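Counting in the numbering used here, the sequence shown runs from 781 upward without gaps.
Virtual Cβ for every residue (Gly too), placed ideally from N, Cα, C.
None of these values were measured; they are calculated from a predicted model.
What follows is a set of notes on a single structure, which appears directly below.
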Amino acid sequence: MNAPGTILPPNGADPYGHPGFDPVHTELRGVPLAIEGELPPELDGVFLRNGTNARFPPRRRRHMFDGEAMLHMIELRGGEARYSNTYVRTPRSAWIEQAGRNPFMGIADLTSGGKGALAGLMVERLKVRFGLLPRLSAIEAGSNGTAVLHHDDRLYCLQETALPFRLDVARDAQGWLTLDGRGANETFGGTLTCPFSAHPKTDETTGTVYSIGQDFTAGTTHLTRLERGGAISTSTVMHSKPAAFFVHDYILTDTHIIFPDSSLRFNPGGLAGPGASVAQFDAKQPLRFGVIARDHREGDPVRWFETAVPGHIWHIANGWEADGALHIYAPVFRDYPPFMPIHTPAEPHTQFVHWRLDLASGEVTERVLLDHHYERPGIDWRRHGERARYTWLLDEAGGVMGQGVLKYDLFEEREAGYLDYGGLLGGEPVFVPRGEGKGEDEGWLVDLLADGTRAVLIVADAATMTEQCRIPLPQPVPYGVHALWLDRAATDALIAG
């Protein structure tokens, strides 16, 4: 494995004191970009990366999940590249923009604020009651800075405690895509009434989107199916208190949906306890996996597969059904601090594990494949939920975001290549297939790299793990969350307005 690049030391008093987390406030439109190296001519479309970007300083400490959403867009067309960025103007964010302040409680308050946060929540409710803050339900009050969904020729910004936020789309006189962050919370005609996942899974054949969404306060988990045309069906999967703290990712196979129920629990009473947080890692509660049918209906049971040890999973690389079992590959944390220091040096390191869930006996076996801090795995998304050879794992051993990417062969259980980011830090290797190429590493990895002073889009050959080009951006970009690639056909088909 290559030596990691140099990483700036974070401010020890603040897990998010690294300059790469600092927000930017200038919104740019269609800035032409220089290309260093050779941009593959087939790489034509739009790269979108979501993340939080606070307009105003936090009341307490910072957290990666707090602040208004900002979308960063690099469009590649005809060998040219242009950059734009925009705040995502959800109802809550639009209110903050107009008010010139952010008085709302955030994840930092809920995961480290203790009894003071309990008092703050009461004050916030009183302000809503007396009209000093907007009257928004929990699912209407998202910043939607986690991910981007492309469905039915529209774009949605996502946050797993909220409704999807549908983005208005336009094009300039030369046909380049433009976004100004405006849009609307999407209920699909009032039929969506529960939180929508930040990691929805799309059946590429039917276009149906599957969401596992959580209502933390009610302790309910829901399956929502979103069809082309906007039809919605929702069923309650389970009731659980204390609820799992984020069922953030899951697997969609031809017949099943598999989701983790982790040892990290949501407990509002924890604010008054020694952890001063609603997030409590319960070492006495083993990690387990829930399995439901893709056509799950209200009242259908969940089949549980319990592991032998506790754990928390943010992201799953892949999983599939074979030889009478379900196979799951994911990075797992064996402990997690209550202040939720995701992507910082205070975050524990992961193990990359293969679980086998025997469908006949219910037995769970697990093997540690890699004992190294890898996270945010990428795959050839066309092979999600089916047997696939490769995953690309973000190397977070440096403590802050990713210093490179490991290509891993799941069939042979071996390292198959490494791409060093050369001192910059990335967030998620997004696989882009080469045209109609069927090889699962026949394409490119695209990631947005930064360090607090500069940002570049990197393109690498996914087969050889060699860099093809870098595209410097005109301003820094704070470390963010999830990204999406749209090819030219999907980009041109986006519905305006």
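With contacts defined by Cβ atoms closer than 8 Å, residue 1213 and residue 1185 do not form a contacting pair. The beta-bridge partner set that DSSP reports for residue 857 consists of 860. Contact between residue 1017 and residue 1072 holds, since their C-beta atoms are separated by about 6 Å, short of 8 Å. Here residue 1044 is near residue 1024, since their CB atoms are less than 8 Å apart. When secondary structure is reduced to three states using DSSP, residue 1271 falls in the helix class. Note on the segment 1146 to 1200: whole beta strand (DSSP E) runs with a minimum of 3 residues are 1154 to 1158, 1170 to 1175, 1184 to 1189, 1194 to 1200, in chain order. Here residue 821 is exposed. Its C-beta has fewer than 16 other C-beta atoms within 10 Å. In this structure, DSSP gives residue 909 a helical state, which the three-state scheme calls helix. Taking C-beta atoms as the reference points, residue 1205 and residue 1180 count as a pair closer than 8 Å.
Secondary structure of residue 1051 (DSSP, three-state): helix.
By the Cβ test, the segment 978 to 985 is not in contact with the segment 891 to 905, since fewer than three Cβ pairs between them sit closer than 8 Å. By the CB criterion at 8 Å, residue 940 and residue 798 fall outside the cutoff.
Between the alpha carbons of residue 911 and residue 897 lies a gap of roughly 21 Å. Residue burial annotation: residue 1108 is buried, with at least 16 other C-beta atoms found within 10 angstroms of its C-beta. In its chain, beyond the 5 residues on either side, 841, 842 have a beta carbon closer than 8 Å to the beta carbon of residue 794. With contacts defined by Cβ atoms closer than 8 Å, residue 1259 and residue 800 form a contacting pair. Cβ contact annotation for residue 1138 (same chain, cutoff 6 Å, sequence separation greater than five): 1105, in chain order.
Taking C-alpha positions only, residue 1034 is separated from residue 1090 by approximately 28 Å. At the C-beta level, residue 815 and residue 846 stay beyond 8 Å of one another.
Membership of residue 871 in the alpha helix (DSSP H) is indicated by the continuous run 871 to 879. For residue 889, the enclosing alpha helix (DSSP H) covers residues 887 to 892. When the beta-carbon positions are compared, residue 1153 and residue 1123 stay at least 8 Å from each other. Here residue 1217 is exposed. Its C-beta has fewer than 16 other C-beta atoms within 10 Å. Residue pairing for residue 1210: DSSP places it in a beta bridge opposite 1226. For the 8 Å CB-CB criterion, residue 1003 and residue 931 do not form a contact. Under a 10 Å Cβ-count criterion, residue 869 is classified as buried, with 16 or more other Cβ atoms of the shown protein chains found around its own Cβ. Of all alpha-carbon atoms in 1268, 812, 844, 852, the one lying nearest the alpha-carbon of residue 830 is that of 852.
DSSP places residue 895 in the helix class (H, G or I) of the three-state scheme. The shortest C-alpha to C-alpha distance from residue 834 to any of 1037, 810, 880, 828 is the one to 880.
In the three-state reduction of the DSSP assignment, residue 799 falls in the helix class, which pools H, G and I.
When the Cα atoms are used, residue 1146 and residue 1069 turn out to be separated by approximately 12 Å. If you look at residue 1141, you'll find it isn't in any beta strand (DSSP E); DSSP assigns it neither H nor E.
Within the DSSP bridge table, the entry for residue 1067 names no partner. Here residue 867 is bridged, per DSSP, to 850. The beta carbon of residue 1133 lies closer than 6 Å to those of 1112, 1146, 1148 in the same chain, with the five residues before and after it left out.
The beta carbons of residue 848 and residue 864 sit no closer together than 8 Å.
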